[in-house]
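Chemist: Before I ask anything, here is the structure I am working with.
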Amino acid sequence: MKSSLLLALLMLAPTEAVVRDGESLAEVAQRTMGDRGGASELKALNGLKDNAVVPGTKLKLPGPNRELAQRVLTTARNALAAADTKAARREEASAKLKEAEAYFQGARYDEAAQAADGAWKLVAGPAPQPTAFTVNVTDKGITTVKSRSGQPVRVEAEGVTRPVHPGESVSVEKGQPPPPPRAPLGVPQPTSPANRLKLTVQPAKGGPSPVTLAWKAVEGAEGYEVELVPARGEKRTLQASANQLRVSLTAGLYRWSVRAVAHEARSEASAEQGFEVAEAPAKPINLQVQPSKWK
Amino acid sequence: MVFVLLGAFSVGCPADEKPVAPVQAPAAPPPVRRAQLKGLQGDVKVKRAAGDEWISAQDGMPLFENDKVRTVAGAGAQIVFANGSIVNLGDDALIGIAETRPRPGQERTDLTVLRGRVDAEMEDPARQSLSVTTPAATVRAGREIVFQ
């Protein structure tokens, strides 16, 4: 709302100004733009060779893009001032900001905004994650490359190059190209218990009866990882070798999700499901008392 | 007539010309410094490109092209390259620094791992790069540039 009002006001702002008697360019800038420093912009905008202006001269005034460029410049200046002086990109950002200021003085507002935005991104953007990888060479010359974080690394052998993404590893034998990337593991779909189902379990001697969590099997999965979060208590991560898991649970609310795992690969977690466990009430004891003659 | 011509084109040295000393081979260029050894643990040895002997590594020791570094069981070291890339060398490893590639067309890489494990890290992969050659493959990370 505020921004649309400001835009409307800017649209209504005069686009021209007439130089008054005895007025300098800086004074015109102060009167029309509220900034004496805007004289250089007026000069550039109107193609003037010097600061001398004849009274009665009509001067073109900056449009609404000046306001926008000014805002972007202010943001970039603040970001640069707050940036760590040892930041690797500070110098580059400083040069970019200087470029933006020069564009602004020359009334090239769009270019100024673009350059200032570039400077802001250099210091305020998220720091790139370090790229880390491991190379292991066995006595037989087999090379295993594991990408640990950051950008993927490129493995080349026998004229074939393939990327190795973080979390992935590739083994290359001498004289062989790197193996093709595996298809990503599918995400398991929970099947039981149904979402938000209330389960009643019979108390047994060794504790509550187990609840079975099940999901659709995923091709290529060597196992599964189930994350079980009780409403009260700590999250548990359980391993399953097949597409179901029996787990003894006390009464309460639970949320759970499952992901497929294989050698050096993990699928995304399934959508979270919820269920409630309630203990079945104890069976009533039917006592029958035989009538007796004794009193 | 023939004899006259031969005499005119005589190939012998004129009496006033001194014999020229044999041309000396140009001196080998100084080795290029590529990295520095740090964080030494246990027995770490270095073999210089020009030498045949393994010498004990020292913290801060510069590493030049074609130098080799060896660690024994339980040892380790950190190699810091000029562009800031860091490589942690595990135990029982053998590596070479920016080795001259034996075959034409093969690009020189920053590191050759002949045996063992290295853990590499680049803080700013947009600006840094690291290339590793092994007996089976070449691994490249970071900025895609050709090694110079």
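Residue numbers (the numbering used here), protein chains in the order written: chain A, 6 to 300; chain B, 578 to 725. Positions of the beta carbon are idealized from the N, C-alpha and C atoms, including for glycine. No experiment lies behind these values; they were computed from the predicted model shown.
Is the shortest distance between the beta-carbon of Lys179/A and the beta-carbons of chain B less than 7 Å?
Modeler: With 7 Å as the cut-off, Lys179/A counts as an interface residue toward chain B.
Chemist: For Gly719/B and chain A, any beta-carbon pair shorter than 7 Å?
Modeler: Taking Cβ atoms only, chain A reaches closer than 7 Å to Gly719/B, which makes this a yes.
Chemist: Can you find a CB in chain A that lies within less than 7 Å of the CB of Arg694/B?
Modeler: It does; some Cβ of chain A falls within 7 Å.
Chemist: In whole angstroms, what is the alpha-carbon distance linking Gln725/B and Glu684/B?
Modeler: Summary for Gln725/B: the model assigns pLDDT 35, below 50, so the residue's position carries little reliability; its value from the coordinates is reported in the next sentence. Going from the Cα of Gln725/B to the Cα of Glu684/B covers about 9 Å.
Chemist: With DSSP as the reference, please indicate the residues paired to Lys288/A in a beta bridge.
Modeler: According to DSSP, which records beta bridges pairwise, Lys288/A is partnered with nothing at all.
Chemist: Since Ser262/A contacts Ala274/A with CB under 8 Å, what's their CB separation in whole angstroms?
Modeler: With 8 Å as the limit, Ser262/A and Ala274/A qualify as a contact, their Cβ atoms being about 4 Å apart.
Chemist: Is DSSP giving Lys103/A helix, strand or coil here?
Modeler: Lys103/A falls in the helix class under three-state DSSP.
Chemist: Evaluate contact between the stretch 134-143 of chain A and the stretch 111-126 of chain A, counting only Cβ atoms and requiring at least three cross-stretch pairs below 8 Å.
Modeler: Because the criterion of three Cβ pairs below 8 Å is not met, the stretch 134-143 of chain A and the stretch 111-126 of chain A do not touch.
Chemist: For the alpha helix (DSSP H) containing Lys126/A, name the first residue and the last one.
Modeler: Unbroken alpha helix (DSSP H) run through Lys126/A: 114-129.
Chemist: In angstroms, rounded to a whole number, what distance separates the CA positions of Ala121/A and Val33/A?
Modeler: Each residue's Cα considered, the two are about 26 Å apart.
Chemist: Give me the chain A residues within the contact set of Glu698/B, using Cβ-Cβ distance strictly less than 9 Å, ordered along the chain.
Modeler: Near Glu698/B (Cβ distances below 9 Å), the residues of chain A are Pro135, Thr136, Ala137, Phe138, Arg153, Ser154, Gly155.
Chemist: Do you know offhand how far Ser152/A's Cα is from Ser708/B's?
Modeler: Roughly 14 Å between the two C-alpha positions.
Chemist: What residue ranges within the stretch 202-258 of chain A form continuous beta strand (DSSP E) runs of no fewer than 3 residues, ordered along the chain?
Modeler: Runs of the beta strand (DSSP E) inside the stretch 202-258 of chain A: 202-206, 215-220, 228-235, 241-245, 249-253.
Chemist: Secondary structure at Lys48/A, three-state DSSP: helix, strand or coil?
Modeler: Correct three-state label for Lys48/A: helix.
Chemist: Using a Cβ-Cβ distance cut-off of 7 Å, determine whether Ala714/B contacts chain A.
Modeler: So yes, Ala714/B belongs to the interface.
Chemist: Identify every residue that forms a DSSP beta bridge with Ile674/B.
Modeler: The partner list for Ile674/B (beta bridge, DSSP) reads Leu688/B.
Chemist: Applying a beta-carbon distance threshold of less than 9 Å, which residues of chain B neighbour Lys161/A?
Modeler: Note that residue 161/A is Glu in the sequence shown, not Lys. Those are Ala714, Thr715, Val716, Arg717, listed as they occur along chain B.
Chemist: Check whether the Cβ atoms of Pro183/A and Arg167/A lie closer than 7 Å to each other.
Modeler: In contact: Pro183/A and Arg167/A (Cβ atoms closer than 7 Å).
Chemist: Can you grab the Cα-Cα spacing for the pair Ala654/B / Thr710/B, in whole Å?
Modeler: Going by the C-alpha atoms only, they are around 19 Å apart.
Chemist: Considering just the uninterrupted stretch of the beta strand (DSSP E) at Thr139/A, what are its terminal residues?
Modeler: Where Thr139/A is concerned, the enclosing beta strand (DSSP E) stretches over 136-142.
Chemist: Would you say Thr711/B lies against chain A (beta-carbon separation less than 7 Å)?
Modeler: Yes, Thr711/B counts as interfacial toward chain A.
Chemist: What is the DSSP secondary structure of Thr648/B, reduced to helix, strand or coil?
Modeler: The answer is strand: DSSP assigns Thr648/B an E or B state.
Chemist: Which whole-angstrom value is the C-beta distance of Arg264/A and Glu239/A, which I expect to be below 8 Å?
Modeler: About 19 Å; that fails the 8 Å criterion.
Chemist: If you reduce the DSSP assignment to three classes, tell me which class Val77/A lands in.
Modeler: Here Val77/A sits in helix by DSSP.
Chemist: My output table needs one value for Gln35/A: the three-state DSSP class, helix, strand or coil.
Modeler: If DSSP states are grouped into helix, strand and coil, Gln35/A belongs with the helices.
Chemist: Does the beta-carbon of Lys145/A have 16 or more other beta-carbons within 10 angstroms, so that it is buried, or is it exposed?
Modeler: Lys145/A is exposed by the Cβ-count criterion.
Chemist: From Gly673/B to Ser246/A, what does the alpha carbon distance come to, in whole angstroms?
Modeler: Rounded to whole angstroms, Gly673/B to Ser246/A spans 44 Å at the Cα level.
Chemist: Is Gly279/A close to chain B? Criterion is C-beta to C-beta, closer than 7 Å.
Modeler: No - not a single Cβ of chain B is within 7 Å of the one on Gly279/A.
Chemist: How big is the Cα-Cα spacing for Glu2/A and Glu630/B?
Modeler: Residue 2/A lies beyond the range of chain A shown here (6 to 300); nothing can be said about it.
Chemist: What would DSSP say about Glu72/A, mapped onto helix, strand or coil?
Modeler: Three-state result, Glu72/A: helix.
Chemist: Exposed or buried, Glu676/B, counting other C-beta atoms within 10 Å across all chains shown (16 or more means buried)?
Modeler: With 16 or more other Cβ atoms within 10 Å, it is buried.
Chemist: Glu642/B by DSSP, collapsed to three states: which one?
Modeler: It is coil, neither helix nor strand.
Chemist: Report buried or exposed for Gln156/A, applying the criterion of at least 16 other Cβ atoms within 10 angstroms of its Cβ.
Modeler: With 16 or more Cβ atoms within 10 Å of its Cβ, Gln156/A is classed as buried.
Chemist: By the DSSP assignment, the beta strand (DSSP E) with Ile656/B in it spans what residues?
Modeler: Per DSSP, Ile656/B belongs to the beta strand (DSSP E) from 653-658.
Chemist: Would you kindly work out how many angstroms separate the C-alpha atoms of Met699/B and Gly661/B, rounded to a whole number?
Modeler: Cα to Cα, Met699/B sits roughly 7 Å from Gly661/B.
Chemist: Pop quiz: Glu104/A and Pro60/A are said to be a contact at Cβ under 8 Å. What is the actual Cβ separation, rounded to whole angstroms?
Modeler: About 36 Å separates the two Cβ atoms, so there is no contact after all.
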